[in-house]
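Enquirer:
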Amino acid sequence: EAGVAQSPRYKIIEKRQSVAFWCNPISGHATLYWYQQILGQGPKLLIQFQNNGVVDDSQLPKDRFSAERLKGVDSTLKIQPAKLEDSAVYLCASSLGDPQIRDEQFFGPGTRLTVL
Amino acid sequence: GQSLEQPSEVTAVEGAIVQINCTYQTSGFYGLSWYQQHDGGAPTFLSYNGLDGLEETGRFSSFLSRSDSYGYLLLQELQMKDSASYFCAVRVDSSYKLIFGSGTRLLVRP
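Heads up: the protein sequence lines correspond to chains A and B, in order.
Mind the numbering: the first sequence is residues 1 to 116 in our numbering, read in order.
Mind the numbering: the second sequence is residues 1 to 110 in our numbering, read in order.
(1) Shorter than 9 angstroms from the beta carbon of A/S95 to some beta carbon of chain B?
(2) Verify the CB distance criterion: does B/I20 have a CB-CB separation below 9 angstroms to chain A?
(3) Using the rule of at least 16 other Cβ atoms within 10 Å of the residue's Cβ for burial, across every protein chain shown, is B/V13 buried or exposed?
(4) Using beta carbons (cut-off 9 angstroms, strictly below), is A/F126 in contact with chain B?
(5) Can you list the residues of chain B that A/T31 reaches, using a CB-CB cut of under 8 angstroms?
(6) Can you find a C-beta in chain B that's less than 9 angstroms from the C-beta of A/G72?
(7) Give the residues of chain A in contact with B/S102, contact being defined as C-beta atoms less than 8 angstroms apart.
(8) Please list, in chain order, the residues of the segment 32-45 of chain B that have any C-beta partner in chain A closer than 9 angstroms.
(9) Residue ranges of each beta strand (DSSP E) run of no fewer than 3 residues wholly in the segment 59-97 of chain A, ordered along the chain?
(10) Can you find a CB in chain A that lies within less than 9 angstroms of the CB of B/A89?
(11) Should the segment 74-93 of chain A be called in touch with the segment 61-76 of chain B, which here means at least 3 C-beta pairs below 8 angstroms?
(12) Run through the DSSP bridge pairs and tell me what A/Y35 is partnered with.
(13) At 8 angstroms on the CB atoms, spell out the chain B contacts of A/P109, in chain order.
(14) Contact between the segment 11-21 of chain A and the segment 96-116 of chain A: three or more CB pairs below 8 angstroms?
(15) When DSSP labels each residue in this structure, what does A/K11 get in the three-state scheme?
(16) Run the CB neighbour count on A/V4, radius 10 Å, all protein chains shown included, and call it buried at 16 or more, exposed below.
(17) Using alpha carbons as the reference points, say which of B/G31, B/R59, B/D39 and B/P43 lies closest to B/N49.
(18) Just grab the DSSP bridge partners of B/T11 for me.
(19) Please state if the CB of B/S67 and the CB of B/R47 are separated by a distance shorter than 9 angstroms.
(20) Quick check on the DSSP output: the beta strand (DSSP E) that includes B/S44 runs from which residue to which?
(21) Between B/I99 and chain A, is any beta-carbon pair separated by less than 9 angstroms?
(22) Give the DSSP-derived three-state secondary structure of A/D56 in the structure shown.
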């Protein structure tokens with residue numbers, strides 16, 4: 001079974017530029033998550049999708065971040081314009097989203113963003 | 001607010017047993033998960049506790065006490081490859097979203 005795919009793996013941009021990340025979740029996984037992980041910290045949820053609907057985006061800085069999952073499969077996360085403090089690893093994860101006792105999240109390799 | 005506390009670093013010897021504690025204060029609680037992350041790698045799921053008690057998976061065990069808002073991850077027969085960061089994460093509502101702790105960096109020495 002293929003895992004969660006993300007691209008690019010690394011990105012370096014200047015502040016005020018824009019950047020986009022792509023994620024393809026595990027086939028059949030209804031729930032997709034975007035996390036931001038700053039060095040030395042735990043992942044922080046930015047946005048959660050159930051199929052193509054947003055479940056939670058309370059932590060998404062909506063003045064500069066946007067995300068979409070148009071067909072309920074892959075997703076893109078965009079930052080425009082980027083700030084220095086956006087330097088982090090952006091992780092995409094997916095899960096079945098069924099009412100199971102445990103709902104294991106499967107993470108992609110992440111995109112390491114450096115804003116100069 | 002939501003807060004999860006775990007030690008920032010733990011050091012142990014190969015072959016030994018180590019326990020990583022996690023205390024939480026969250027608006028809701030559905031369960032406690034543990035994830036492992038090697039440097040430069042993706043977090044990977046280790047265990048989940050939805051009810052009080054001990055869950056065992058091979059060399060790893062996880063414990064939960066909901067009345068104490070406390071859990072721990074127990075790693076036995078430590079191996080060098082266990083050197084990684086370990087995160088506790090609370091499922092706070094029915095949406096499956098997780099709130100992660102800041103992580104415990106485990107260093108296993110020969």
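Ideal placement from N, C-alpha and C gives every residue a C-beta, glycine not left out.
Expert: Taking the definition as stated:
(1) Counted from its first residue, the first sequence places residue 95 of chain A at position 95. With 9 angstroms as the cut-off, A/S95 counts as an interface residue toward chain B.
(2) Taking the second sequence and counting its residues from 1, the one referred to as residue 20 of chain B is at position 20. It does not; no Cβ of chain A falls within 9 angstroms.
(3) Your numbering for residue 13 of chain B matches position 13 in the second sequence. Flag for B/V13 reads exposed.
(4) Look at the range of chain A in this structure, 1 to 116, and you will see that residue 126 of chain A is not part of it.
(5) By 1-based counting over the first sequence, the position of residue 31 of chain A is 31. Y96, listed in chain order.
(6) The count along the first sequence starts at 1 and reaches residue 72 of chain A at position 72. Not one chain B Cβ lies under 9 angstroms of A/G72.
(7) Stepping through the second sequence from its first residue, residue 102 of chain B is reached at position 102. By Cβ distance, chain A contributes G40, Q41 and G42.
(8) S33, Y35, Q37, G40, G41, A42, P43, T44 and F45
(9) Taken in chain order, the whole beta strand (DSSP E) runs of length 3 or more contained in the segment 59-97 of chain A are 65-68, 75-79 and 88-95.
(10) As a first step, residue 89 of chain B must be located in the second sequence, where it is residue number 89. Chain A contact via Cβ: present.
(11) No, because fewer than three Cβ pairs between the segment 74-93 of chain A and the segment 61-76 of chain B fall closer than 8 angstroms, the two stretches do not touch.
(12) Within the first sequence, the letter at position 35 stands for residue 35 of chain A. For A/Y35, which the question treats as bridged, DSSP gives the partners A/L45 and A/L91.
(13) By 1-based counting over the first sequence, the position of residue 109 of chain A is 109. Residues of chain B passing the Cβ test: G41 and A42.
(14) Counting Cβ pairs under 8 angstroms, three or more are found: they touch.
(15) Along the first sequence, one-based indexing puts residue 11 of chain A at 11. Strand, per DSSP.
(16) On the first sequence, residue 4 of chain A is found 4 positions in, with the first residue counted as 1. Buried: at least 16 other Cβ atoms inside 10 Å.
(17) Residue 49 of chain B sits at position 49 when you count from the first residue of the second sequence. Comparing Cα positions, the closest option is B/G31.
(18) Walking along the second sequence from the start, residue 11 of chain B turns up at place 11. Looking at the DSSP assignment, B/T11 forms a beta bridge with B/L107.
(19) Here residue 47 of chain B refers to the residue found at position 47 of the second sequence. Here residue 67 of chain B refers to the residue found at position 67 of the second sequence. A small fix is needed here, since residue 47 of chain B is Ser in this sequence, not Arg. The criterion of a C-beta distance shorter than 9 angstroms is not satisfied by B/S47 and B/S67.
(20) Numbered from its first residue, the second sequence carries residue 44 of chain B at position 44. At residue 44 of chain B the sequence reads Thr, which differs from the Ser that was named. That run of the beta strand (DSSP E) goes T44 to N49.
(21) Along the second sequence, read from residue 1 onward, the residue named residue 99 of chain B stands at position 99. By this cut-off, B/I99 is an interface position.
(22) As a position in the first sequence, residue 56 of chain A is number 56, starting the count at 1. Three-state result, A/D56: strand.
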